[in-house]
Amino acid sequence: LKGSSKFVEVPISVDFQRPVLKGHAGQKGYEWLYVSCTLYDHKEVLRNILKRFKVEAPRFPVIVTDTHNDQDYSNHENPARSNLSLILNSIKRFCREMDVKPKSCTLDDLCDLVLSERLPKDRS
31 LKGSSKFVEV PISVDFQRPV LKGHAGQKGY EWLYVSCTLY DHKEVLRNIL KRFKVEAPRF
91 PVIVTDTHND QDYSNHENPA RSNLSLILNS IKRFCREMDV KPKSCTLDDL CDLVLSERLP
151 KDRS
């Protein structure tokens, strides 16, 4: 929704084809690239998100997940480290297969980009 607020909602990317009836915190929703979770099929979630981008052609097709500082990412045996590596490598692989060029950006960069498109032409 467009408005005059400088607020930009950037939701976590989810796979609408993979519902979750009860998540780790009792929530309902959909599987997502939750780095700490070993219950989700991260490859399939990512593949479905990218397929949805091809069909829906969003203006800002971003893959959003988060990491937590309570995980030891330096430990190669840590499930969160393994999942993060799997996700990042899968992004490269699936994008190459789908002839899509991935580009990294921070949430700040994305918000600036979205907000800059909302400014009137004479204020840019």
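Residues 31 to 154 in the working numbering are what the sequence shown spells out, letter by letter. Backbone N, C-alpha and C fix where the C-beta goes; we use that ideal spot for every residue, glycine too. Quantities reported herein were computed from a predicted structural model and do not represent experimental measurements.
Taking a C-beta distance under 9 Å as the contact criterion, Leu-145 and Val-38 qualify as a contact pair. If you check the CB distance, Arg-111 and Ser-104 come in under 9 Å. When DSSP states are grouped into helix, strand and coil, Arg-111 belongs to the helix group.
Val-130 is bridged by DSSP to nothing; it lacks a bridge partner. Here DSSP, grouped into helix, strand and coil, assigns Phe-46 to strand.
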